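Engineer: A single structure is presented below for examination.
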Amino acid sequence: MGILKTENLVKIYGQEPNIVKALDNISIEINQGEFIAIVGTSGSGKSTLLNMLGGLDNPTSGETIISNKRISKLNDEELTIFRRRNIGFIFQNYNLVPILNVYENIVLPIELDGGKIDTDYVNKIIDILGLSKKLSSMPNNLSGGQQQRVAIARALATKPAIILADEPTGNLDSKTSMDVIGLLKVTSKQFNQTMVMITHNEEIAQLADRIIRIEDGKVVVRGDK
Ligand code: ADP
Ligand code: ADP
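Here the sequence shown is numbered in the UniProt record's numbering, starting from 1 and rising by one per residue.
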């Protein structure tokens, strides 16, 4: 069953005559527990599509349906809460909070939602991501790769039903990248999470259950099984 669907998504940036059709009628369906790679050249519309899948931006037309909810029907406040409960985001620029240490960053989404921290689970994630010795460090004192791992730990900490990741290993060397994606795959299967990641890296894309390839805002391969 499709936990994440889009219907005829169109996204147009700019004003006539200088418009960019970033998404051109995209209809996809992603099942619960699937691990999807979105692949395409720079400017093909990958980030725009991921933003729409997470309800971070409004389409020009068309719909995103998450867990059977048409997110256009939610107001801003409802959408914020819905996102926090259902989706873990891993952004390219990490979005870590500079005044909080590593541990505080990782558990922040749980605390914002008033939830209880599953210490065993969070510690396991921290351990696998190699962050145990960095928990009291401030983000500014970490390398790019370390910050990326903190962002991944934070996205996993709430055990979201859906994880959306934009080049989650863009700053990691190839061995660490394969390890981290392997970890994401293992945790997503263990918790029946749906993972959608953008990647430029074909080797990493091959780890996915299914590859969705886009060109000029259109789906050219949907990897139907
Ligand atoms: P990708 O992630 O595949 O590199 P993007 O989704 O970032 O592609 O961009 C798709 C197209 O939309 C590109 O032509 C890009 O320049 C354009 N675009 C993306 N965001 C904006 C924006 N905020 N304003 C105007 N054009 C944009
Ligand atoms: P990537 O290709 O890695 O996805 P981009 O460099 O295409 O990243 O885009 C980075 C950010 O800049 C995105 O948030 C996108 O929406 C925005 N952006 C991309 N192209 C444009 C543009 N032509 N005008 C304004 N914003 C843009």
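Built from N, CA and C at the ideal position, the CB exists for glycine as well.
Here the structure is a predicted model, which is why all the values come from computation and not from measurement.
1. Can you name the start and end residues of the alpha helix (DSSP H) that residue 104 belongs to?
2. Quick check: is any heavy atom of ligand 1 less than 6 Å from the C-beta of residue 46?
3. Assuming the contact rule is C-beta atoms closer than 8 Å, residue 90 and residue 151 should be a hit. Round their C-beta distance to whole Å, please.
4. Taking 6 Å as the cut-off, does the CB of residue 43 come closer than this to any heavy atom belonging to ligand 1?
5. Look at the Cβ atom of residue 194, then the Cβ atom of residue 32, and state whether they are nearer than 7 Å.
6. Taking 6 Å as the cut-off, does the CB of residue 165 come closer than this to any heavy atom belonging to ligand 1?
7. What are the start and end residues of the alpha helix (DSSP H) that includes residue 222?
8. With the cut-off set at 7 Å, would you say residue 102 and residue 134 are in Cβ contact?
9. Are three or more beta carbon pairs between the region 6 to 19 and the region 56 to 66 nearer than 8 Å?
10. Three or more C-beta pairs closer than 8 Å, one from the region 197 to 210 and one from the region 39 to 47: is that the case here?
Structural biologist: Judging by the given coordinates:
1. Element bounds for residue 104: 102 to 112.
2. Closer than 6 Å to some heavy atom of ligand 1: that describes the Cβ of residue 46.
3. Correct: roughly 5 Å between the Cβ atoms.
4. Using a cutoff of 6 Å, the CB of residue 43 counts as near ligand 1, since one of the ligand's heavy atoms is closer than that.
5. Cβ distance < 7 Å, so residue 194 and residue 32 count as in contact.
6. The answer is no for residue 165.
7. For residue 222, no alpha helix (DSSP H) run applies, since DSSP gives it neither H nor E.
8. In this structure, residue 134 lies closer than 7 Å to residue 102 by Cβ.
9. In short, these stretches touch, since the Cβ pair count reaches three.
10. The region 197 to 210, when compared against the region 39 to 47, does touch it at the 8 Å Cβ threshold.
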